[in-house]
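Going by my numbering, the sequence shown opens with residue 3, and the numbers climb by one from there. Here a beta-carbon is modelled for each residue, glycine too, at the ideal position from N, C-alpha and C. Source: prediction; values computed, not measured. Remarks on the structure that follows.
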Amino acid sequence: MLIREWGIAGLLMLAGISTGNAAESSLRAVYPAGGRVGSEIEIEVCGSKLDGPYQAVVSGSGVKATFIGKKLVKKTDKKGRQVTVPVPGSFRFRVVIEKDAQPGVRMFRLAYARELSEPLGFDVADLPELRAASKKGAAVERCRVSDMPLYLNGRVRAAEGDRYAFTAAKGAVLVAKAVAGVLPFNGFVPALTFCDANGKPCGEVKRYGVADAPVSVFEVPQDGEYELRITAAEGDPGAASVYRVKMGELPLITSFDPVSAIKGESLNVRLSG
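The following block contains the structure:
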């Protein structure tokens, strides 16, 4: 009963572990910001005041995160030698999502030195997952989408963003919507643009929630090749500009009527979408 009412964060507070302002701005992003039920993935956690090692606390049941170590990259030193160095404020965790884990956005926190970080969202879902292709040189590599619906995971590191290529049939109505609950703290908001095979934005697109949780609806005009381009609508691109986008022929409610009711009143609501 106590666990249901207080949750893990509440129990840690009872034990004397603070969730106060000392760690409020330290955790900036978790990438990828979600995973599929029944999978095991590696995630990267980054922030501005992280020195590790850490334990991770994930709300709910069926999801466990284990600390692996610092993120390492290869660099060339002054003598021209390849050396491996840690990336400041970046750490790796292994996340196991059990088969009976309930889908939904969880709260992911770092636990360290009698403190908890502020939470970031981590989305558990039961659909295929795809990560953006890495950038090679000056070109942005396109990632091929074969099955829909699915989740797209990436980080907008440059103005060009990420590109996902797919084949669509005339008359299909495709929805791309950002998972709002996992966006980072840095003000980053993704922009979702459907384009033709030549990279030209398509005109048959309706947009909703552009300022905070963007949704793009694309009515395919003819059989052919298309792509979804994900860029930064707000905020500076970088390692913390993490997005998670659900894409496919998905149900979407765009309006409802009436928009209010009097307490105790019984009425019918008409949905549009």
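Identity of the residue in the options nearest residue i by Cα
i	options	result
residue 192	205, 58 and 209	209
residue 89	103, 74, 214 and 265	74
residue 215	68, 178, 29 and 46	178
residue 230	100, 47, 239 and 207	207
residue 162	149, 150, 144 and 174	144
residue 92	203, 166, 146 and 50	50
residue 59	52, 121 and 31	121
residue 64	33, 263, 268 and 102	102
residue 244	61, 123, 199 and 100	123
residue 234	32, 152 and 186	186
residue 72	82, 57 and 150	57
Three-way DSSP call (helix, strand, coil) for residue i in this model
i	result
residue 163	coil
residue 184	helix
residue 265	coil
residue 155	strand
residue 277	Since the first residue of the chain shown is 3 and the last is 275, residue 277 is not available in this structure.
residue 150	coil
residue 219	strand
residue 84	strand
residue 25	Confidence at residue 25 is low in this model, with a pLDDT of 40, below 50, so its placement is unreliable and no value can be given for it.
residue 206	coil
residue 190	coil
residue 37	strand
residue 299	The first residue shown for the chain is 3 and the last is 275, placing residue 299 beyond what the model contains.
residue 106	strand
residue 198	strand
residue 127	strand
residue 64	coil
residue 226	strand
residue 211	coil
residue 250	strand
residue 241	coil
residue 171	coil
residue 235	strand
DSSP beta-bridge partners of residue i
i	result
residue 92	48
residue 255	DSSP, once it has assigned bridges, lists no residue as partnering residue 255.
residue 143	DSSP output for residue 143 lists no bridge partner at all.
residue 176	220
residue 99	65
residue 71	94
residue 111	59
residue 31	48
Sequence-distant residues of its chain with Cβ nearer than 7 Å to residue i (five each side left out)
i	result
residue 77	85 and 87
residue 265	none
residue 80	none
residue 105	39, 126, 127 and 128
residue 263	269
8 Å CB neighbourhood of residue i in its chain, flanking five on each side removed
i	result
residue 44	70, 94, 95, 96 and 97
residue 217	177, 178, 179, 180, 194, 209, 210, 211 and 254
residue 175	219, 220, 221, 222 and 251
Residue-chain proximity (residue i, chain B), Cβ-Cβ < 7 Å
i	result
residue 69	Annotation note: the requested chain B is absent from the structure, which comprises a single protein chain.
Neighbourhood of residue i by C-beta distance below 6 Å, restricted to the same chain and skipping five residues each side
i	result
residue 66	98
residue 42	98
residue 164	134, 156 and 232
residue 25	Its pLDDT being 40, under 50, residue 25 is placed unreliably in this model, and the value from its coordinates should be taken loosely. 117 and 119.
Residue i Cβ short of 6 Å to the ligand ZN heavy atom set
i	result
residue 67	What this structure holds is no ligand at all, so the ligand ZN is not there to describe.
Stretch-stretch touch, CB-based, cutoff 8 Å, three pairs: the region 33-47 with the region 110-130: yes
Inter-stretch contact at 8 Å, needing at least 3 Cβ pairs: the region 217-232 / the region 170-178: yes
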